[in-house]
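**Q**
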Amino acid sequence: MENTFTIASNGDYIEIAVINYAYLNSQDTYDKNWLNVVITIKAGAFSGKFKAFFQTSDFVGLFRYLSEAYDNLSKEYKFTTLEEQLEIEFIGDGFGHINIDAVAQDQAGIGNTLNFELRIDQTDVKTLIHQLDIILKEYLFR
């Protein structure tokens, strides 16, 4: 099963691929909900790929926002992770367009950063919701 979340626009994209639980055998609730992910970005002439840690809960808020944004296109939301390796700000204009401002950091807290923008519209949101639904079903909060 494909466990990826991809926002794409005019050949540019950000893809979050969930690989597995980082600490599969952990008994600690906090530790056992960490995920290994690979982030791939193409933005203009820039492209790159790096590994990161997300928590299962990181995807829940994004799923809620996108589900609501489909019907209310003036909503705003900032997706960020505990280690701040990826920040995606969604800004709906109320007319069916969503501007995305993103910052990626290749190493938590000390890495190089890339700032980039993407633009999507309402027709893209259903696909994003479906992708997140697959991830959330595969990687439940444990």
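Everything in the sequence shown is counted per my numbering, starting at 53 for the first residue and increasing by one. Heads up, the beta-carbon is just placed ideally off N, CA and C, and yes, glycines get one too.
Could you work out which residue in 60, 190, 163 and 76 is closest to residue 136 when comparing CA atoms only?
**A** If you number the sequence shown from 1, residue 136 lands on position 84. Nearest option by C-alpha distance: 163.
**Q** Name the two residues that bound the continuous alpha helix (DSSP H) containing residue 176.
**A** Stepping through the sequence shown from its first residue, residue 176 is reached at position 124. That run of the alpha helix (DSSP H) goes 174-190.
**Q** Determine, using beta-carbon pairs with one atom in the segment 112-125 and one in the segment 76-93, whether at least three such pairs fall under 8 Å.
**A** No, the segment 112-125 is not in contact with the segment 76-93.
**Q** Which complete beta strand (DSSP E) runs does the segment 107-149 hold, if anything under 3 residues is left out?
**A** Here the runs fully enclosed are 128-132 and 138-144.
**Q** Per DSSP, residue 157 forms a beta bridge with which residues?
**A** The residue labelled residue 157 in the question sits at position 105 within the sequence shown. DSSP lists 165 as partners of residue 157.
**Q** For the alpha helix (DSSP H) holding residue 73, just list the boundary residues, first then last.
**A** Position 21 of the sequence shown, counted from the first residue, corresponds to residue 73. Segment 64-73 is the beta strand (DSSP E) holding residue 73; no alpha helix (DSSP H) there.
**Q** Using alpha carbons as the reference points, say which of 176, 125 and 108 lies closest to residue 146.
**A** Position 94 of the sequence shown, counted from the first residue, corresponds to residue 146. Closest option to residue 146, Cα to Cα, is 125.
**Q** Would you report the Cα separation of residue 85 and residue 169, rounded to the nearest angstrom?
**A** Counting from one through the sequence shown, the residue named residue 85 turns up at place 33. Counting from one through the sequence shown, the residue named residue 169 turns up at place 117. Between residue 85 and residue 169, the C-alpha separation is close to 29 Å.
**Q** Considering only C-alpha positions, which residue in the set 133, 155 and 143 is nearest to residue 30?
**A** The shown model of the chain, from 53 to 194, leaves out residue 30, and the question about it has no answer.
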